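I have placed the structure first, in the form of structure tokens, so that the comments after it can refer back to it.
Have a look at this one:
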């Protein structure tokens, strides 16, 4: 939080500004930050203007979460059909039809986009299509027109970061957006960057038989994961994906990706498609932020825990803040900003935000990892159990189904600090851990909660008894 | 709770009994009540004797939860393979191989049984195979030998109840145990009783193409479900299953099931197999309970909230208490009994025990239904949303994928009272509702918890904003 933001924290609506603006809230950007905030604000009777330069739903719906999970679901159908004989189901020849899978992906996107449009209408949110220019507090320009709002919310999101490597301008060097529109499966894929986006695509393509190489600069994939589980996860993907860790890409020469290993050796991989997934940058350019005196740097717009910027009645939410690049963080930030506008006490807490990777297997987590908890000065105790402890997991994934649940607690207070999972289906389980951590439950409390049998989730209960 | 039980509530170990018994705890029955209690007690260093007359894991592992869920998983593979073209995956002819599915079911059971045996050994629990006779406090006989324990825990479970209908003795009239060993798929199946067991088998067989009729005496299936969701659930099963509600079976004459409708008409259905699933009765006979002066009736052994019976240091847990016929209730009862033995305060609470039906679609719930909450005198407010509100659910289940989430709150206190779900995957989601209800969260609290996007679970968060 910046000094200005702190100073601004307890400030209410700036009374020096003229009242009776056309809108109560103007939101720039209709991603999961902007449209959720617009919906909730409209529901409360606020007059809301939502400005979007491309499609309702933003990157998340159109080129992110939703298309990737829809395609991963198709890939899961392929893998499950292939594995079905293990469970007594014969299927004949199983084939992946990229055109059909892409068509379903498009249909899902369009259905959800229609759903958001309907929700906006139902909640009386005015939506306009166009590129917004922020003129300062209260004023936003779209085309020739200047709109006035008591509050302005900047939710402009982020874009794929393209590192300055020679050769990235070639057509077969793609971002996560580009690769969602391919019309032919590649035979080989090089993924540059072993973060969430890179790994989900690596899982998708490799499970369909594409030869995939991941090149990652760090010594392990998914940097924010528990280190032990990241290794377990990588091993579960291995055999299908080749990992080149501690390697730095130096150039992409036609289809050849050149890189230097940790030991300094020069190597190269040939790939039909090269996916650049080294990270995303906040969208800060050409929107008038600098001219308006907004406090930001290359990591994002500076905000306090109520998502207030340094300018009065100007908020920023979502990826553009650089605080968290998750759709659900953006939505929650929008809710906190709205509560703040409405005079309700709320704050954006980072300690219990769950995350998930929708690969095969899935991974998910919430709260502190063992290392983070130690760094934060806790007297840490951890326990871990394999997912195959669950009868249901065994029945559905086989005896060698990869997966584990690890929990981190403060040994002095018995308070649960973190839950970390690898294994099929864990993306739908992790929210319960967010409930536990938000409610500041002790391990002793969780031990008294009854989990249904037979479920995979029971491993999370069992591991509480291993602490 | 009986008067005796209440009187006994604060009683500690009966000091008139001689000390230094061979075992700290003798447990009769190695189902999910008995073996979980044995494991936890052994882990704490207690000397435990576990007596089992058949197989470790009891009904749940050998003839209940685990085999049914394993078979239902095979059926899900069959249905998913059939539906795979919708998601861009083509297959050849999809066939269900009963022999292979049954073999996998057996392998799962044997693996888990081995797991329990290993856990018992690791926790130094003595396991003996035999039929126990309860001789009163401290004393249990197996064969010729009398074992002594400071505490005795009765965990003898329940058995399928066969109503006095003519014809039930025929070989093709089966209990849930019998039907798990068939070696040929029937063409037609009549299910008598529309509770959890009946519906799971109806879903299993109908999804594999068997013509299934359910005959239920009440006017709706799954009696403890939210009434609106039970109807929605039944509709989702319809088309594949024929429901005959408000009907009473009068006789089973060879393959003809004769019944009387609500209007008093006599009707009949022909079926290759007739499944009797009208309920389960506690196992109370021929075990010496009456002679020993144990307080019980046909519904079960009477216990207080610490699972104490009327006899000193004698506990009863699981189905035999008649309190709750759920494996996870039994396990929790075992934990509460153990805590009580160890002098730790604990009590078996019924308000947040989740349940699930593993059919297609799944259903699950936790806490009070709308009607239960009204009956309990709450000022009730409810909200409901379809599962297709979730982008992930839509992507994975299609636009007409059945499902909903309904929540019940106390309007005066804002406290969440119940969560009820219909839809694929909800069995793994419901535990989070148990956490919320156990932690006595208000709807306002849940609104501040971040759920991962895109997940199906998000509908549970969204519905909190519809209250």
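Protein chains in written order, with this note's numbering: chain A, 5 to 471; chain B, 5 to 471.
Beta carbons are placed, not taken as given, at the ideal position from N, Cα and C, and that holds for glycine.
The structure presented is a predicted model; accordingly, all values stated were derived computationally and were not measured.
With 8 Å as the threshold, decide whether the Cβ of residue i is near any Cβ in chain B.
i, result
"residue 403/A", "yes"
"residue 48/A", "no"
"residue 414/A", "no"
"residue 472/A", "The first residue shown for chain A is 5 and the last is 471, placing residue 472/A beyond what the model contains."
"residue 36/A", "yes"
"residue 357/A", "yes"
"residue 184/A", "no"
"residue 310/A", "no"
"residue 121/A", "no"
"residue 461/A", "yes"
"residue 228/A", "no"
"residue 102/A", "yes"
Check for me: the beta strand (DSSP E) holding residue i runs from which residue to which?
i, result
"residue 252/A", "252–257"
"residue 270/A", "270–274"
"residue 123/B", "Segment 102–126 is the alpha helix (DSSP H) holding residue 123/B; no beta strand (DSSP E) there."
"residue 424/A", "420–426"
"residue 280/A", "277–280"
"residue 318/A", "318–320"
"residue 153/B", "149–158"
"residue 28/A", "27–32"
"residue 411/A", "408–414"
Between residue i and chain A, is there a C-beta pair that is closer than 8 Å?
i, result
"residue 69/B", "yes"
"residue 44/B", "yes"
"residue 10/B", "Any reading at residue 10/B must be qualified, since the residue scores a pLDDT of 42, below 50, and its modelled position is unreliable; no value is offered."
"residue 396/B", "yes"
"residue 467/B", "no"
"residue 360/B", "yes"
"residue 112/B", "yes"
"residue 14/B", "Caution applies to residue 14/B, whose pLDDT of 41 falls short of 50 and renders its modelled position unreliable; the value that the coordinates give is listed next. Cβ-Cβ to chain A under 8 Å: no for residue 14/B."
"residue 458/B", "yes"
"residue 471/B", "no"
"residue 105/B", "yes"
"residue 17/B", "Bear in mind that the predicted position of residue 17/B carries a pLDDT of just 41, short of 50, making it unreliable; the figure below should be weighed with that in mind. No, because no Cβ of chain A sits closer than 8 Å to the Cβ of residue 17/B."
"residue 174/B", "no"
"residue 209/B", "no"
"residue 116/B", "yes"
"residue 74/B", "yes"
How far does the alpha helix (DSSP H) with residue i in it extend, from its first residue to its last?
i, result
"residue 163/B", "Segment 162–164 is the beta strand (DSSP E) holding residue 163/B; no alpha helix (DSSP H) there."
"residue 71/A", "69–87"
"residue 344/A", "331–345"
"residue 378/B", "374–379"
"residue 210/A", "200–211"
"residue 385/A", "No alpha helix (DSSP H) holds residue 385/A; the beta strand (DSSP E) holding it covers 384–390."
"residue 399/A", "395–401"
"residue 463/B", "462–468"
"residue 40/A", "38–47"
Tell me, please, which residues DSSP counts as bridged to residue i.
i, result
"residue 4/A", "Residue 4/A lies beyond the residue range present for chain A, which begins at 5 and ends at 471; the question has no answer from this structure."
"residue 298/A", "Answer is none; residue 298/A lacks a bridge partner."
"residue 285/A", "163/A"
"residue 233/B", "None; residue 233/B has no bridge partner."
"residue 446/B", "419/B"
"residue 369/A", "359/A and 424/A"
"residue 216/A", "193/A and 245/A"
"residue 179/B", "Looking at the DSSP assignment, residue 179/B forms no beta bridge with any residue, so it has no partner."
"residue 144/A", "138/A and 151/A"
List the whole-angstrom C-beta distance separating residue i from residue j, where the pair is believed to meet the contact cut-off of C-beta under 8 Å.
i, j, result
"residue 250/A", "residue 266/A", "3 Å"
"residue 183/A", "residue 165/A", "Rounded, the Cβ-Cβ distance is 15 Å, inconsistent with contact."
"residue 121/B", "residue 32/B", "Wrong, their Cβ atoms sit about 18 Å apart, outside the cutoff."
Quick one: which chain C residues come within Cβ less than 9 Å of residue i?
i, result
"residue 247/B", "Among the protein chains of the structure shown, namely A and B, there is no chain C."
Check distances from the C-beta atoms of the segment 420–434 of chain B to those of chain A and list, in chain order, the residues that come in under 8 Å.
The residues in question are 429, 431, 432, 433 and 434.
Taking any Cβ of chain B, which residues in the segment 77–95 of chain A have a Cβ under 9 Å from it, in chain order?
Per Cβ criterion, the list reads 77, 78, 79, 80, 81, 82, 84, 85, 87, 88, 89, 90, 91, 92, 93, 94 and 95.
Using a beta-carbon distance cut-off of less than 8 Å, what residues from the segment 439–455 of chain A approach chain B?
So the close ones are 439, 440, 442, 443, 445, 449, 450, 451, 452, 453, 454 and 455.
Residues of the segment 316–350 of chain B in Cβ contact with chain A at a cutoff of 8 Å, in chain order, please.
Of all residues in the segment 316–350 of chain B, only 330, 331, 332, 333, 335, 336, 339 and 350 place a beta-carbon less than 8 Å from a beta-carbon of chain A.
Anything in the segment 152–163 of chain B with a Cβ closer than 8 Å to a Cβ of chain A? List those residues in chain order, please.
Taking 8 Å as the Cβ-Cβ cut-off against chain A, none of the residues of the segment 152–163 of chain B qualify.
What residues in the segment 374–396 of chain B have a beta carbon less than 7 Å from any beta carbon of chain A?
Cβ contacts with chain A come from 395 and 396.
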